[in-house]
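Each step along the sequence shown adds one to the number in our numbering, with nothing skipped, and position 180 is 257. Here's the structure, in structure tokens; my notes come after.
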Amino acid sequence: AQKKQMTDFEFQRLHGMGEALHHQVSKAFGTPCRVYAPVGQHRDLLAYLVRRLLENGANSSFVNQIFDATVASRLVAADPFDKLGIPGPALKHPKDLFAPERQNSAGYDLANPDILERLQSARTMPRRWSFGQEGAVQQVYNPATGKSLGQVRFLSPEQAQEKIDAAQPWGATSSERANVLRGIADLFEKHAEEFFALLTQEAGKTLPDCIGELREAVDFLRYYACQAEALSDAQAGVFSCISPWNFPLAIFTGQIAAALAAGNAVLAKPAENTSMIAYLATQLMYEAGVPTAALHLIAGDGPSLGARLCSSDKITGVCFTGSTKTAQTINRLMAQHLPPHIPLIAETGGLNAMIVDSTALLEQAVQDVIISAFQSAGQRCSALRMLYVQQDIAEDFKDMLFGAMRALCIGDPAEAACDIGPVINQASQKKITRYIQERHVLFATIAPETGCFIAPTVLSVTGIQDLPEEIFGPVLHFASFDIKDLDRVIRDINGCGFGLTFGFHSRIDERVQRVISQIDVGNLYINRNQIGAVVGSQPFGGHGLSGTGPKAGGPRYVPRFAKQTLLQSAPCKPSKMKAAQVERAFQHQEQTASSGPKSINLPGPTGELNQYHLTPRQRVLCLGPGAEQLAKRALALGCCAIAADISSEDLSAVPQLDAVVYSGPDARHIRKALSARDGAIVPLLMDETFEIWLMKERSVCIDTTAAGGNAALLAS
78 AQKKQMTDFE FQRLHGMGEA LHHQVSKAFG TPCRVYAPVG QHRDLLAYLV
128 RRLLENGANS SFVNQIFDAT VASRLVAADP FDKLGIPGPA LKHPKDLFAP
178 ERQNSAGYDL ANPDILERLQ SARTMPRRWS FGQEGAVQQV YNPATGKSLG
228 QVRFLSPEQA QEKIDAAQPW GATSSERANV LRGIADLFEK HAEEFFALLT
278 QEAGKTLPDC IGELREAVDF LRYYACQAEA LSDAQAGVFS CISPWNFPLA
328 IFTGQIAAAL AAGNAVLAKP AENTSMIAYL ATQLMYEAGV PTAALHLIAG
378 DGPSLGARLC SSDKITGVCF TGSTKTAQTI NRLMAQHLPP HIPLIAETGG
428 LNAMIVDSTA LLEQAVQDVI ISAFQSAGQR CSALRMLYVQ QDIAEDFKDM
478 LFGAMRALCI GDPAEAACDI GPVINQASQK KITRYIQERH VLFATIAPET
528 GCFIAPTVLS VTGIQDLPEE IFGPVLHFAS FDIKDLDRVI RDINGCGFGL
578 TFGFHSRIDE RVQRVISQID VGNLYINRNQ IGAVVGSQPF GGHGLSGTGP
628 KAGGPRYVPR FAKQTLLQSA PCKPSKMKAA QVERAFQHQE QTASSGPKSI
678 NLPGPTGELN QYHLTPRQRV LCLGPGAEQL AKRALALGCC AIAADISSED
728 LSAVPQLDAV VYSGPDARHI RKALSARDGA IVPLLMDETF EIWLMKERSV
778 CIDTTAAGGN AALLAS
């Protein structure tokens with residue numbers, strides 16, 4: 078330091094280490110010495126000790142190297158300032174995190190005051206927008222302030238039908254389609270500030286949520302572009318893509334990008350509340366090279382236009398994200414009007430739970446609960462709804478949770494300090510308020526009196542069975558449990574029928590693995606929050622009442638939009654069976670069925686382990702000529718598969734079905750019978766690649782630093 082004429086520095090040491098050495102240095106050179114010592118109660122010491130042991134035991138640690146005879150003394154005594162600014166050879170640049178396949182989406186350093194000021198200026202600049210050239214004029218209002226933002230135009234059913242009739246599949250080659258998708262991604266990033274302004278003012282999003290949404294949209298475009306290149310150049314058909322208001326850019330873009338990647342024409346129906354964002358995104362898609370005949374924006378009233386988009390004889394597939402109830406309505410419309418093999422790709426909601434045991438680090442668990450339950454005003458399908466905390470720590474946990482909630486800033490998301498913005502509209506605000514008023518409130522913050530705001534609220538319940546439905550807002554249900562009842566709690570969560578996201582906080586690895594093996598959800602998060610799935614790292618989507626699959630941002634999504642080759646009928650027919658006989662046959666197979674998941678690791682940042690699992694669907698019914706051969710193919714995957722000849726009435730009466738595979742000339746009666754069932758949507762699979770869709774996808778994301786340090790990283 079003296080050689081470099083650097084005198085403004087201090088020495089630092091851990092309490093109890095190197096006292097004599099630091100005393101001599103301080104005495105000789107007059108430099109200050111900062112002593113680090115752990116402060117807190119005895120129970121808080123574990124994470125600190127583990128972290129120190131990992132750091133001091135790492136191969137790169139000074140403490141380790143000074144006793145290692147194989148390390149030259151010149152390396153041990155090397156000037157640490159010489160290494161400053163030199164990037165580590167093993168570290169990837171953020172934009173290269175997913176290289177060489179694709180470029181990562183651009184991030185924004187909000188700690189940089191210049192960047193923050195630029196983004197804030199763009200988000201809050203007064204402006205009136207006008208989108209659309211045909212249809213009835215609709216005024217658009219800011220949910221936080223009630224002020225008018227401008228206007229959009231909504232199509233009538235007749236105008237929507239004209240666009241349906243004009244839709245033409247995209248005739249470009251797969252590589253050309255991929256390049257256009259990448260061009261859209263680049264344009265989206267170029268117009269980031271316009272998107273941020275609309276996401277803030279039309280959708281009520283905070284700045285971090287705006288950034289996250291744009292990045293997800295860009296990631297979808299680049300990820301699906303890579304998948305497009307693996308497909309044939311064949312044109313597919315016409316896909317209806319119906320997207321929600323809670324992710325008006327990311328999900329809207331993801332659906333369109335996947336459908337275009339497979340060569341379809343797209344009829345894109347955005348939510349009424351966020352049509353401005355959809356208009357801007359569509360304009361940029363045209364600018365990047367998507368033909369106007371291959372992409373039609375169908376903005377307008379959901380029920381009237383949605384019925385057209387799900388019943389026109391030109392439709393070859395429907396992609397929907399929204400409520401479970403609406404998905405069932407769409408499913409029944411398709412069964413009545415469309416050919417039975419037409420796929421429905423539905424991502425719906427969930428009663429998402431998190432369990433926190435007594436070994437969890439409370440500060441981290443509370444932070445993750447706050448993020449999972451209240452970020453985006455709780456308006457994510459992945460948001461935490463039901464929290465179980467081990468009773469040994471429940472009171473301490475509540476004290477810390479309520480204290481953290483008091484620190485939240487609820488208000489206009491245009492303000493940089495805002496943590497939580499409004500819910501989407503007054504109807505949503507009234508429904509959530511009525512729900513809260515009818516229940517036992519443990520704690521609630523204070524929300525602004527004007528605007529569509531709901532104060533973050535914690536309700537007391539005995540368990541997930543007390544939740545009548547998904548409440549789409551900043552409402553968290555709290556229950557304590559005895560650790561000996563952990564298996565029962567997991568059964569209760571599985572028994573609710575949803576299967577979207579789940580979080581678990583524990584530092585006992587055996588318990589973590591046990592929970593992973595028992596919980597039945599699409600996305601499982603260990604020792605971290607349970608929102609914000611990253612494209613290509615944590616493919617997102619559930620099963621049961623939470624959707625049909627495949628997972629968005631995963632390897633099987635784009636192929637589901639591709640053109641199908643239908644199964645060929647075989648001459649033999651299966652035995653006639655009643656519903657009770659089918660049920661007994663399934664129960665017999667389930668007693669002997671055993672098939673472990675097929676797993677791979679997906680890319681992600683250091684300190685995070687992302688696993689992708691494929692597990693066979695449990696109950697598969699094979700019908701029609703050749704059902705015996707179909708059942709053998711399903712059994713080979715590990716499914717419980719029954720070949721049968723069954724009436725529509727008995728098909729409706731089978732208690733549980735995960736999928737039906739059929740080969741034959743007329744499947745409409747089967748499709749109608751399946752759509753009439755209550756509960757989860759049961760897919761009817763009729764294409765040659767049906768085995769792909771008999772596997773359930775599961776993403777597991779583990780924070781590997783949660784025990785105090787990442788041993789794998791420190792060993793390098």
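Note that beta-carbon positions come from the ideal geometry of N, C-alpha and C, so glycine has one too. The model shown is predicted, which means the values in this text are computed figures rather than measured ones.
Contacting residues, own chain, Cβ-Cβ under 6 Å from residue i (five flanking each side not counted)
{"i": "S388", "result": "L410 and H414"}
{"i": "G377", "result": "F231 and L232"}
{"i": "E424", "result": "T398, G618 and G624"}
{"i": "Y634", "result": "A335 and P627"}
{"i": "A686", "result": "According to the sequence provided, residue 686 is Leu. The question's Ala does not apply to it. Answer for L686: I779 and T781, listed in chain order."}
{"i": "R457", "result": "I608"}
{"i": "A704", "result": "P651 and A720"}
Residue i burial status per 10 Å Cβ neighbour count (16 or more: buried)
{"i": "M654", "result": "buried"}
{"i": "C486", "result": "exposed"}
{"i": "A792", "result": "Confidence at A792 is low in this model, with a pLDDT of 49, below 50, so its placement is unreliable and no value can be given for it."}
{"i": "Q216", "result": "exposed"}
{"i": "A114", "result": "exposed"}
{"i": "V343", "result": "buried"}
{"i": "I779", "result": "buried"}
{"i": "G756", "result": "exposed"}
{"i": "I192", "result": "exposed"}
{"i": "A412", "result": "buried"}
{"i": "F316", "result": "buried"}
{"i": "D445", "result": "buried"}
{"i": "R204", "result": "exposed"}
{"i": "P166", "result": "exposed"}
{"i": "Y356", "result": "buried"}
{"i": "T539", "result": "exposed"}
{"i": "D817", "result": "Nothing can be reported for residue 817, as the shown portion of the chain is limited to 78 through 793."}
{"i": "H620", "result": "buried"}
Residues that residue i bridges to, as DSSP identifies them
{"i": "N604", "result": "None; N604 has no bridge partner."}
{"i": "F581", "result": "I432 and I603"}
{"i": "V697", "result": "A718 and A736"}
{"i": "L464", "result": "M431 and F555"}
{"i": "M411", "result": "In the DSSP output, where bridge partners are listed per residue, M411 has none listed."}
{"i": "I677", "result": "Y689"}
{"i": "Q666", "result": "Q666 is not bridged to any residue."}
{"i": "K653", "result": "D722"}
{"i": "S505", "result": "In the DSSP output, where bridge partners are listed per residue, S505 has none listed."}
{"i": "S137", "result": "Paired residue(s): none; S137 is not in a bridge."}
First through last residue of the alpha helix (DSSP H) which encompasses residue i
{"i": "T534", "result": "No alpha helix (DSSP H) holds T534; the beta strand (DSSP E) holding it covers T534 to S537."}
{"i": "G480", "result": "A471 to R483"}
{"i": "M362", "result": "S352 to A365"}
{"i": "H66", "result": "Absent from the structure is residue 66, since the part of the chain shown begins at 78 and ends at 793."}
{"i": "I333", "result": "A327 to A338"}
{"i": "R385", "result": "G379 to L386"}
{"i": "W206", "result": "Premise fails: W206 lies in the beta strand (DSSP E), W206 to F208, not in any alpha helix (DSSP H)."}
Residue-level contact to chain C via CB, residue i, 8 Å cutoff
{"i": "A262", "result": "Included in the structure is just one protein chain, with no chain C present."}
Cut-off 7 Å between Cβ atoms - residues of its own chain near residue i, not counting five sequence neighbours on either side
{"i": "M94", "result": "none"}
{"i": "K172", "result": "Q180 and N181"}
{"i": "Q238", "result": "R385"}
First through last residue of the beta strand (DSSP E) which encompasses residue i
{"i": "F397", "result": "G394 to T398"}
{"i": "F520", "result": "V518 to A521"}
{"i": "L258", "result": "Run containing L258: none in the beta strand (DSSP E); it sits in the alpha helix (DSSP H), S251 to K267."}
{"i": "Y185", "result": "Neither: Y185 is in no beta strand (DSSP E) and is coded neither H nor E."}
{"i": "I779", "result": "M772 to D780"}
8 Å CB neighbourhood of residue i in its chain, flanking five on each side removed
{"i": "F88", "result": "H99, V102, S103, T108, P109, C110 and R111"}
{"i": "L308", "result": "S251, A338, A339, G340, V635, P636 and A639"}
{"i": "H92", "result": "V112, Y113, A114 and P115"}
{"i": "I143", "result": "V153"}
Discussion item. Any contact between the region 270 to 286 and the region 142 to 162? By contact I mean 3 or more CB pairs, one from each, below 8 Å.
Written reply: Touching, no, given that fewer than three Cβ pairs across the two stretches are closer than 8 Å.
Discussion item. I want to know whether the region 332 to 339 touches the region 238 to 256 - three or more CB-CB distances under 8 Å.
Written reply: The region 332 to 339 makes contact with the region 238 to 256; the number of CB pairs closer than 8 Å reaches 3 or more.
Fill in: Any 3 or more C-beta pairs closer than 8 Å across the region 456 to 473 and the region 422 to 439
Yes, the region 456 to 473 is in contact with the region 422 to 439.
Worksheet item: Would you call the region 584 to 602 and the region 560 to 571 in contact, with 3 or more CB pairs under 8 Å?
Response: Touching, yes.
Worksheet item: If you pair each beta-carbon of the region 674 to 681 with each one of the region 746 to 755, do three or more pairs fall below 8 Å?
Response: Flag = no, the region 674 to 681 and the region 746 to 755 do not touch.
Fill in: contact_flag[the region 359 to 379, the region 220 to 228] where n(CB pairs < 8 Å) is 3 or more
With a cut-off of 8 Å, the region 220 to 228 and the region 359 to 379 do not count as touching, because too few Cβ pairs lie within range.
Worksheet item: Between the region 474 to 492 and the region 525 to 533, do three or more beta carbon pairs fall short of 8 Å?
Response: With a cut-off of 8 Å, the region 525 to 533 and the region 474 to 492 count as touching, because enough Cβ pairs lie within range.
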